[in-house]
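A.B. asks: Read left to right, the sequence shown gives residues 48 to 197 (this note's numbering).
Beta carbons are placed, not taken as given, at the ideal position from N, Cα and C, and that holds for glycine.
Keep in mind it's a predicted model, so treat the numbers as computed, not measured.
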Amino acid sequence: MSKPTKTELAKYKSILERQLSSLRGDVGSMRDEALRASEQDASVDHLADQGTDNYDQGFMLGLIENEGETIKHIEEALERIHGKGDWDFGACPLCLEEADTSKKKPKEQKKAKAGKALDVWIPKARLEYLPWARFCVRHQEVEERNREIA
Ligand SMILES: [Zn+2]
Numbered sequence: 048m049s050k051p052t053k054t055e056l057a058k059y060k061s062i063l064e065r066q067l068s069s070l071r072g073d074v075g076s077m078r079d080e081a082l083r084a085s086e087q088d089a090s091v092d093h094l095a096d097q098g099t100d101n102y103d104q105g106f107m108l109g110l111i112e113n114e115g116e117t118i119k120h121i122e123e124a125l126e127r128i129h130g131k132g133d134w135d136f137g138a139c140p141l142c143l144e145e146a147d148t149s150k151k152k153p154k155e156q157k158k159a160k161a162g163k164a165l166d167v168w169i170p171k172a173r174l175e176y177l178p179w180a181r182f183c184v185r186h187q188e189v190e191e192r193n194r195e196i197a
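(1) Assuming Leu1 and His186 form a contact by the criterion Cβ under 8 Å, report the distance between their Cβ atoms to the nearest whole angstrom.
(2) Is His186 near ligand 1 - that is, is its Cβ less than 7 Å away from at least one heavy atom of it?
(3) Taking just the CA atoms, how far does Trp168 sit from His120?
(4) Would you say the beta carbon of Leu141 comes nearer than 7 Å to a heavy atom of ligand 1?
(5) Spatial neighbours of Glu114 within its chain, please: C-beta separation below 8 Å, excluding the five flanking residues on both sides.
(6) Around the Cβ of Gly137, are there at least 16 other Cβ atoms within 10 angstroms (buried) or fewer (exposed)?
(7) By Cβ distance below 6 Å, which residues in the same chain neighbour Ile118 in space, the five residues on each side in sequence not counted?
(8) Rounded to whole angstroms, what's the CA-CA distance from Ser49 to Ala57? Just pull it up for me.
(9) If I measure Cβ to Cβ from Leu177 and keep anything under 6 Å in the same chain, skipping five residues before and after, which residues do I get?
(10) Let me know the secondary structure DSSP gives Ala180 once reduced to three states.
(11) Sorry if obvious, but does the Cβ on Phe136 come closer than 7 Å to a heavy atom of ligand 1?
(12) At what residues does the alpha helix (DSSP H) containing Ile121 begin and finish?
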């Protein structure tokens, strides 16, 4: 994995901005947009039958579950793309924490330097599916587990 390129950042930015404007609209207009994207000539009746089967299901499910949280995550991701976030866009903050040897004891620092450099970048496949993903898959699972306990 590597740091996203400028071209990739521009792509994620346009996805995020489109999703953010969809989220801020009502579900109706979002459905219209989804329809237009999937089937140009579909009628309104057709839409009702068809439901959202053809739409990006992950995106739909995510925002129905927790629209407000998704909006927040998208806004934060956009801030990171603009360099105003708490960490670099595309990096996992918990991996960054693990890779930060400055907080470790000198002995551990040496060990960390000798070992393989930690990969802090979220895989591109994940970012393309969820550009606002905050964590790598491994840390996402840790986060969700922590949330269930809390
Ligand atoms: Zn991570």
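C.D. replies: Let me spell this out:
(1) This structure cannot settle anything about residue 1, because the visible part of the chain is limited to 48 through 197.
(2) Residue mapping note: residue 186 aligns to position 139 of the sequence shown, counting from 1. In this structure, His186 has its CB closer than 7 Å to one or more heavy atoms of ligand 1.
(3) Residue 120 sits at position 73 when you count from the first residue of the sequence shown. Residue 168 sits at position 121 when you count from the first residue of the sequence shown. Taking the straight line joining both Cα atoms gives about 17 Å.
(4) For the purposes of this step, residue 141 is taken as residue 94 along the sequence shown, with counting starting at 1. Leu141: yes, Cβ under 7 Å from ligand 1.
(5) On the sequence shown, position 67 is the one that residue 114 refers to. Result list for Glu114: Leu70, in chain order.
(6) Within the sequence shown, numbered from 1, the residue matching residue 137 stands at position 90. Gly137 is buried by the Cβ-count criterion.
(7) Against the sequence shown, residue 118 aligns to sequence position 71. Taking Ile118 as the centre and dropping the five residues before and after it, the same chain places the C-beta of Leu70 closer than 6 Å to its C-beta, in chain order.
(8) In the sequence shown, counting from the first residue as 1, residue 49 sits at position 2. In the sequence shown, counting from the first residue as 1, residue 57 sits at position 10. So the two alpha carbons sit approximately 16 Å from each other.
(9) Counted from its first residue, the sequence shown places residue 177 at position 130. The answer is none, since no qualifying residue turns up.
(10) Residue mapping note: residue 180 aligns to position 133 of the sequence shown, counting from 1. Ala180 falls in the coil class under three-state DSSP.
(11) Here residue 136 refers to the residue found at position 89 of the sequence shown. No, Cβ of Phe136 sits at least 7 Å from all heavy atoms of ligand 1.
(12) Counting from 1 along the sequence shown, the entry for residue 121 is found at position 74. In this chain, the alpha helix (DSSP H) harbouring Ile121 covers Glu114 to Ile128.
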